[in-house]
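Asks: Going down the list, the protein sequences come from chains P and V.
When we follow the numbering used here, the leftmost residue of the first sequence carries the number 142, and every step to the right adds one.
When we follow the numbering used here, the leftmost residue of the second sequence carries the number 142, and every step to the right adds one.
Ideal Cβ placement from N, Cα and C applies to all residues, glycine included.
One structure coming up, written as structure tokens, with questions to follow.
Number of protein chains: 2
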Amino acid sequence: MLLVENGPECRVTIKSVQDTMDILSGKWKLSIMCALSFSSLRFMDLVREVDGIRSKMLSSNLYELEINGLVKRTVLDTKPLTVSYELTEYGKTIKPIIHEMSIWGRHHRDKILGT
Amino acid sequence: MLLVENGPECRVTIKSVQDTMDILSGKWKLSIMCALSFSSLRFMDLVREVDGIRSKMLSSNLYELEINGLVKRTVLDTKPLTVSYELTEYGKTIKPIIHEMSIWGRHHRDKILGT
DNA sequence: CCGGATCCTTATTGATACTG
DNA sequence: CAGTATCAATAAGGATCCGG
């Protein structure tokens with residue numbers, strides 16, 4: 142069904158792709174959302190999960206994602222205060238993008254290593 | 142075929158998403174590939190199609206896409222020499238990503254304008 | 001130790017002009 | 001037409017510091 146190239150809701154436009162890129166561009170946002178697509182995570186969990194990210198970048202990217210309504214931030218009343226992040230219902234709507242990117246990334250890796 | 146959510150080949154990982162981002166990251170690459178997903182285009186057509194891009198960015202992004210085997214460059218024997226760009230067969234494998242991004246982008250725009 | 005904030009350096013992108 | 005060259009602006013990255 143994703144391969145149907147016609148139909149009114151299948152009008153692929155550069156503008157709509159750019160709109161998406163405006164929200165998701167940057168080196169880390171999709172990786173962060175991918176990590177959160179499995180479960181909610183605390184800040185430090187994210188630092189560990191997202192390979193190579195620095196707390197500064199994580200912090201600012203999470204803020205932007207929160208502003209755009211994709212991620213929800215919750216301060217937990219734990220001993221040393223921790224903050225939990227999770228995808229909002231709206232944030233979960235980008236899962237198909239993450240899914241396709243993951244498929245392609247693995248495919249690409251196989252191609253590079255196989256050749 | 143692309144919608145199977147289970148099975149061994151559907152393990153979504155941060156690493157594979159990052160691998161994809163390494164190839165497609167940047168503000169313009171997906172827009173360029175979106176433009177080329179309809180038909181092959183000459184350099185100047187791409188400047189017109191991809192809103193806001195400058196020839197420098199287009200040139201360097203096309204080069205990187207060519208290096209990664211996603212785009213094919215063909216010098217045409219026209220009066221003022223022109224160069225045509227098209228997706229390779231491998232480049233066409235990112236169409237599902239573009240498709241999902243386009244769907245989400247339109248959805249997002251409707252949400253922003255509707256609210 | 002957690003979640004940043006700040007400062008500074010490097011990499012990427014943008015605007016404009018210019019060449020074969 | 002299809003790029004390059006150059007310089008200015010912006011974004012990302014590294015190191016360090018701080019309040020709780």
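(1) Determine, using beta carbons only, whether V:Lys213 comes closer than 8 Å to chain P.
(2) Beta-carbon within less than 6 Å of P:Gln159's beta-carbon, same chain only, minus the 5 sequence neighbours each way: which residues are those?
(3) Where does the unbroken alpha helix (DSSP H) through P:Ser225 begin, and where does it stop?
(4) Closer than 9 Å by beta-carbon distance: list the chain V residues that pair up with P:Leu97, in chain order.
(5) Does any residue of chain V have a CB that is nearer than 8 Å to the CB of P:Glu190?
(6) With which residues is V:Thr215 paired in a DSSP beta bridge?
(7) Could you check what DSSP says for P:Arg189 in three-state terms: helix, strand or coil?
(8) If you drop the 5 nearest sequence neighbours on each side, which residues of the same chain put their C-beta closer than 6 Å to that of V:Phe184?
(9) Taking a cut of 9 Å between CB atoms, which residues from the segment 219-247 of chain V lie near chain P?
(10) Under DSSP, the alpha helix (DSSP H) around P:Val153 begins and ends at which residues?
(11) Give me, in chain order, the residues of the same chain whose beta-carbon lies closer than 7 Å to that of P:Leu143; leave out the 5 immediate sequence neighbours on both sides.
(12) In terms of alpha-carbon separation, which member of V:Lys197, V:Ser200, V:Asp192 and V:Lys213 lies closest to V:Ser181?
(13) Considering only their Cβ atoms, is the gap separating P:Ile155 from V:Ala176 smaller than 8 Å?
(14) Kindly list, in the order they appear in chain P, the residues whose Cβ is closer than 9 Å to that of V:Ser180.
(15) For P:Val191, which residues from the same chain have a beta carbon less than 8 Å from its beta carbon, with the 5 sequence-adjacent residues on both sides left out?
(16) Any idea if V:Leu228 is buried or exposed, counting beta-carbon neighbours within 10 angstroms, 16 or more meaning buried?
(17) Among V:Ser243, V:Thr161, V:Ile244 and V:Arg250, which has the Cα closest to the Cα of V:Leu211?
(18) Tell me the DSSP secondary structure of V:Arg183 in three-state form.
(19) Let's see if you can read the secondary structure: which residues bound the alpha helix (DSSP H) around V:Ser243?
(20) When we look at the beta-carbon of P:Leu217 and count the other beta-carbons within 10 Å, is it buried (16 or more) or exposed?
Replies: Looking at the coordinates:
(1) Residue contact with chain P for V:Lys213: absent (no Cβ-Cβ distance below 8 Å to any residue of chain P).
(2) Non-local beta-carbon contacts of P:Gln159 in its own chain, meaning distances under 6 Å to residues more than five positions away in sequence, are absent.
(3) Per DSSP, P:Ser225 lies in no alpha helix (DSSP H); the unbroken beta strand (DSSP E) holding it starts and ends at Thr223 to Leu228.
(4) Shown here, chain P extends from 142 to 256; a query on residue 97 of chain P therefore has no answer.
(5) So, interface residue.
(6) For V:Thr215, which the question treats as bridged, DSSP gives the partners V:Ser225.
(7) DSSP places P:Arg189 in the helix class (H, G or I) of the three-state scheme.
(8) Excluding residues up to 5 positions away in sequence, Val224 lie with their Cβ nearer than 6 Å to the Cβ of V:Phe184 in the same chain.
(9) Those residues of the segment 219-247 of chain V placed with their C-beta closer than 9 Å to a C-beta in chain P are Tyr231, Thr234, Ile235, Lys236, Pro237, Ile238, Ile239, His240, Glu241, Met242, Ser243, Ile244, Trp245, Gly246 and Arg247, ordered along the chain.
(10) No residue range can be given for P:Val153, since it is assigned to no alpha helix (DSSP H) and is classified by DSSP as neither H nor E.
(11) Model confidence at P:Leu143 stands at a pLDDT of 40, short of 50, so the residue's coordinates are unreliable; what they give is reported in the following sentence. No residues qualify anywhere along the chain.
(12) Nearest C-alpha to V:Ser181: V:Lys213.
(13) Yes, these two residues count as a Cβ contact at 8 Å.
(14) Using a Cβ-Cβ cut-off of 9 Å, V:Ser180 is close to nothing in chain P; its nearest Cβ partner there is about 13 Å away.
(15) Cβ within range, chain order: Trp169, Ser172, Ile173, Ala176 and Leu199.
(16) Result: buried.
(17) Distances from the alpha-carbon of V:Leu211 to those of V:Ser243, V:Thr161, V:Ile244 and V:Arg250 put V:Thr161 closest.
(18) Of the three classes helix, strand and coil, the one that applies to V:Arg183 here is strand, per DSSP.
(19) Per DSSP, V:Ser243 belongs to the alpha helix (DSSP H) from Lys236 to Gly255.
(20) Burial state of P:Leu217 is exposed, judged by a 10 Å Cβ sphere holding fewer than 16 other Cβ atoms.
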